[in-house]
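Single-structure report; data block below.
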Amino acid sequence: DTGVSQDPRHKITKRGQNVTFRCDPISEHNRLYWYRQTLGQGPEFLTYFQNEAQLEKSRLLSDRFSAERPKGSFSTLEIQRTEQGDSAMYLCASSFRSSHLAGAYEQYFGPGTRLTVT
Amino acid sequence: TQLLEQSPQFLSIQEGENLTVYCNSSSVFSSLQWYRQEPGEGPVLLVTVVTGGEVKKLKRLTFQFGDARKDSSLHITAAQPGDTGLYLCAGAKETSGSRLTFGEGTQLTVNP
């Protein structure tokens, strides 16, 4: 049983460096979401894709953040010129519309990538 | 801005006690989900509720969706140390691509 996987699990970088994270969703899932979670808070939505199309980006997402899902399968999230405020857990989730749950998209999360910017 | 408020934020109880966690909003949601998260891991889905007034049970956990689909509760009976974790409620709206809006979470500690 392959769930959502994320790589790397941990990343330590110096301020100003670029970092890239990868997410592999559950294979038949057509929607992929990125969230960010800081200590003591619930996850916050960043962006989501339906297949390869990026349909929404949070206003919280600065221009230094970019996400791609080139073939509608895995996705990457890149942060350029990292800042200490970018330190957080970056979570990926995927979903597929279930016909027996009207309007409900159950999202399944990966283990996250913990980013520390020094 | 959609906002989900969870209460309490922290809860420390003895094994065998019962507890209820609340999740409230002024917004109507298409569905509401409860997750449990361990330190350093991603949230794990416990349940999804979609119908106003719906009640779902998962062993010792009972989830209820409010009639107006604005609030939800999680009740745990006879809590066990293995129930320790961060419990998150999250609402989704069909019109928002079903992205999740999370509450801040309730950190539950069950002491043996």
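Taken in sequence, the protein lines are chains A and B.
Mapping of the first sequence onto the working numbering: residues 3 to 120, in sequence order.
Mapping of the second sequence onto the working numbering: residues 2 to 113, in sequence order.
Every residue gets a Cβ at the ideal spot worked out from N, C-alpha and C, and that includes glycine.
Going along the chain, which residues of its own chain have a beta-carbon closer than 8 Å to the beta-carbon of Gln10(B), five neighbours each way excluded?
-> Glu105, Gly106, Thr107 and Gln108
Ordered along the chain, which non-local residues of its own chain (more than five positions away) have a Cβ less than 7 Å from that of Gly105(A)?
-> In this prediction, Gly105(A) scores a pLDDT of 46, lower than 50, which makes its location untrustworthy; the coordinate-derived value is nonetheless stated afterwards. Result list for Gly105(A): empty, nothing under 7 Å.
Could you tell me which residues DSSP puts in a beta bridge with Val21(A)?
-> Ile81(A)
Could you please tell me which residues of the stretch 55-76 of chain B, in chain order, have their CB closer than 9 Å to any CB of chain A?
-> none
Ile14(B) to Gly86(B) span [Cα, whole Å] = 12 Å
CB-CB length for Phe66(B) against Leu33(B), believed under 8 Å = 6 Å
Nearest chain B C-beta to Val6(A) closer than 9 Å, yes or no?
-> yes
Under 7 Å by beta carbon: chain A residues contacting Phe103(B) | Gly44 and Pro45
What does a CB cutoff of less than 7 Å around Thr40(A) pick up in its chain, not counting 5 residues either side in sequence?
-> Ala90
Can you give the Cα-Cα distance for Ser97(A) and Ser68(A), rounded to whole angstroms?
-> 21 Å
The beta strand (DSSP E) enclosing His76(B), as first and last residue numbers | Asp72 to Ile77
Meets three-Cβ-pair contact criterion under 8 Å: the stretch 68-78 of chain B and the stretch 12-32 of chain B | yes
Does Pro44(B) get closer than 9 Å to chain A when you measure Cβ to Cβ?
-> yes
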